[in-house]
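Per the working numbering, the very first residue in the sequence shown carries number 424; after that it's consecutive. Ideal Cβ placement from N, Cα and C applies to all residues, glycine included.
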Amino acid sequence: MSNQFHPIAEITTTSGFSGEVRLKPFSRYSIDYIMKKSLQIGTSYDNMNNLKLEKTVGNGKKMRFKFEGIDSHIKAKDMVGKTIYASANKDDKINLIASALIGFRVVTDTGINVGVLKDVMWLPANDVYVVFNGKKELLIPIIPEIILSLDYKNKKILIATVDGLID
Numbered sequence: 424m425s426n427q428f429h430p431i432a433e434i435t436t437t438s439g440f441s442g443e444v445r446l447k448p449f450s451r452y453s454i455d456y457i458m459k460k461s462l463q464i465g466t467s468y469d470n471m472n473n474l475k476l477e478k479t480v481g482n483g484k485k486m487r488f489k490f491e492g493i494d495s496h497i498k499a500k501d502m503v504g505k506t507i508y509a510s511a512n513k514d515d516k517i518n519l520i521a522s523a524l525i526g527f528r529v530v531t532d533t534g535i536n537v538g539v540l541k542d543v544m545w546l547p548a549n550d551v552y553v554v555f556n557g558k559k560e561l562l563i564p565i566i567p568e569i570i571l572s573l574d575y576k577n578k579k580i581l582i583a584t585v586d587g588l589i590d
């Protein structure tokens, strides 16, 4: 998996008259990626344009973002509803929570088939995989001690065997 772009936030509204916008982040990594990575904006992977952060104003839930070339309320309003995508290489943490993983088989390192990944939940302590085993949903924490590898070719997530995790 080479460099690719992941959806990380949606522009929800404008703020003020100088082109600032507010975002709805898709993951705990969204703000870091907006600050440090190459960005694209668009309505889909097929319709993206370059985007560069100029500055941020405020912090927390009220943080506002100003992007280069967006210098009016009208230009900012045209961005509302669009998705911001960030570049990521194969080692980036964001790959562990990418929507492309939905449908992957989850298997333990001892070969036990755990189920199929149905969703990724963003929780305060750490993100979790929601895995359906045919009978019930299991929550698998997305931490390095549990998630051993992602196999994109075979659509498989390898997890460590931990007592009580899949019982």
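Selected residue, minimal CA-CA separation from residue i, among the options
i, options, result
"S510", "N473, G587 and L540", "N473"
"M458", "D532, E560 and K478", "K478"
"I454", "A583, V543, G587 and I507", "I507"
"S461", "E433, K484, R451 and H429", "H429"
"L581", "D515, D514, F527 and M544", "F527"
"K498", "F440, A523, K578 and G483", "F440"
"V539", "M502, N518 and N577", "N577"
"G534", "V585, M502 and K475", "V585"
"I570", "N536, W545 and D532", "D532"
"Q427", "V537, G481, N518 and S495", "N518"
"D494", "N482, L476 and G481", "L476"
"G587", "S572, K541, L573 and V537", "V537"
Distance between beta carbons of residue j and residue i, contact taken as under 8 Å
i, j, result
"T437", "K500", "5 Å"
"I520", "V543", "5 Å"
DSSP state of residue i mapped onto helix, strand, coil
i, result
"G483", "helix"
"N536", "strand"
"I520", "helix"
"D455", "helix"
"A432", "strand"
"A509", "strand"
"D542", "strand"
"G442", "coil"
"E558", "One point to set straight first is that residue 558 is Lys, not Glu, in the sequence displayed. Three-state DSSP puts K558 in coil, outside helix and strand."
is_contact[residue i, chain B] using C-beta, thresh 9 Å
i, result
"K459", "No chain B is present in this structure, which holds just one protein chain."
C-beta contact flag for residue i and residue j at 9 Å
i, j, result
"N556", "I589", "yes"
"A583", "E560", "no"
"K516", "Y468", "no"
"F449", "I431", "yes"
"V503", "K579", "no"
"K505", "E433", "yes"
"Y575", "A523", "yes"
Three CB pairs or more closer than 8 Å across the region 487 to 494 and the region 433 to 444 | yes
Per the contact definition of three or more C-beta pairs closer than 8 Å, is the region 530 to 549 in contact with the region 559 to 566?
-> yes
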